[in-house]
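See structure below.
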Amino acid sequence: QVKLLQSGAALVKPGDSVKMSCKASGYTFTDYIIHWVKQSHGKSLEWIGYINPYSGGTNYNEKFKSKATLTVDKSSSTAYMEFSRLTSEDSAIYYCARGVLRIIAFDYWGQGVMVTVSS
Amino acid sequence: DIVMTQGVLPNPVPSGESASITCRSSKSLVYKDGKTYLNWFLQRPGQSPQLLTYWMSTRASGVSDRFSGSGSGTYFTLKISRVRAEDAGVYYCQQVREYPLTFGSGTKLEIK
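Protein sequences, first through last, are from chains A and B.
The numbering of the first sequence is the working numbering, which starts it at -12 and goes up by one.
The numbering of the second sequence is the working numbering, which starts it at 3 and goes up by one.
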């Protein structure tokens, strides 16, 4: 079955970067795009951007363009998101989700990665 | 960016009753292909969001027919019939008409 397995929780210092992973299984990795979504504590969801594993093409929310970098490793069916110059505002849960281009829907989600930014 | 505004439910809802969750968009979500690009998700406590419907009213695979989406270009409703304890959580609408994709602030459903 389709699964998106994300890396573990991270505790990072202000100003540092964090790189998280999202390993896909149960489907052909290059047939679907991967979205990334931020959920601050007790709050709603924000779309960060997506990457197309087939082409490597990306589409970022302008708000996160200078903050997030999306990449993939097709050989291991893994998507990555690096978040840089972290501040307390970046403390949140980050989800990856599989995107179906035809309907623009997120049909499977990872379990989420909790990132805590603290000195 | 398209702003999504969700309504509040008079919680808790008695088990077996129906509940309607509303969502409004700041711009029409109807695309030139005639489809309305509005998705609904449920996030149960401690879990990742789960896709319920897309194209405003098409249920995702495996989703109960107790969930039904409807609406116009800017006003949408997700109706849950015969609510059960497992329906409790936060419901989000999401517009996918244009980028950046945006979500509503969420509507909490509690079951009595």
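A virtual CB, placed ideally from N, CA and C, is assigned to each residue, including glycine.
Going by C-alpha distance, which of A/V104, A/G99, A/D60 and A/S105 is nearest A/L(-9)? As a working note, residue -9 of chain A is residue 4 in the first sequence. Selected option, being the one with the closest Cα: A/G99.
Closest by C-alpha distance to A/K6, when choosing among A/V59, A/S64, A/Y95 and A/V87: The residue labelled residue 6 of chain A in the question sits at position 19 within the first sequence. Among A/V59, A/S64, A/Y95 and A/V87, the Cα nearest to that of A/K6 belongs to A/V59.
Using the C-alpha atoms, what's the distance from A/R72 back to B/T7? Here residue 7 of chain B is taken as the residue at index 5 of the second sequence, counted from 1. Here residue 72 of chain A is taken as the residue at index 85 of the first sequence, counted from 1. For B/T7 and A/R72, the gap between their C-alpha atoms comes out near 31 Å.
On the premise that B/L54 lies in contact with B/W42, defined as a C-beta separation below 8 Å, what is that separation, rounded to the nearest angstrom? On the second sequence, residue 42 of chain B is found 40 positions in, with the first residue counted as 1. On the second sequence, residue 54 of chain B is found 52 positions in, with the first residue counted as 1. Correct: roughly 4 Å between the Cβ atoms.
Is the beta carbon of B/T24 closer than 9 Å to that of B/F78? On the second sequence, position 76 is the one that residue 78 of chain B refers to. On the second sequence, position 22 is the one that residue 24 of chain B refers to. With a cutoff of 9 Å on beta-carbon distance, B/F78 and B/T24 are scored as near each other.
Which residue from A/L57, A/G13 and A/H28 puts its Cα closest to that of A/Y47? Position 60 of the first sequence, counted from the start, is the residue given in the question as residue 47 of chain A. Cα-wise, what sits closest to A/Y47 is A/L57.
If contacts are defined as beta-carbon pairs under 8 Å, then A/D19 and A/G86 qualify, I think. What distance do you get, rounded to the angstrom? For the purposes of this step, residue 19 of chain A is taken as residue 32 along the first sequence, with counting starting at 1. For the purposes of this step, residue 86 of chain A is taken as residue 99 along the first sequence, with counting starting at 1. What sits at residue 19 of chain A in the sequence shown is Tyr, not Asp. Confirmed, Cβ separation roughly 6 Å.
At a CB distance below 7 Å, what residues from the segment 49 to 63 of chain B approach chain A? Give them in sequence order. Taking 7 Å as the upper bound on Cβ-Cβ separation, chain A lies near residues S50, P51, L53, Y56, W57 and A62 of the segment 49 to 63 of chain B.
Please report the residue range of the beta strand (DSSP E) in which B/L31 lies. As a first step, residue 31 of chain B must be located in the second sequence, where it is residue number 29. Run containing B/L31: none; DSSP gives neither H nor E here.
Sort out for me which residues DSSP pairs B/T7 with in a bridge. Reading the second sequence from its first residue, position 5 is the one you call residue 7 of chain B. The beta-bridge partner set that DSSP reports for B/T7 consists of B/R26.
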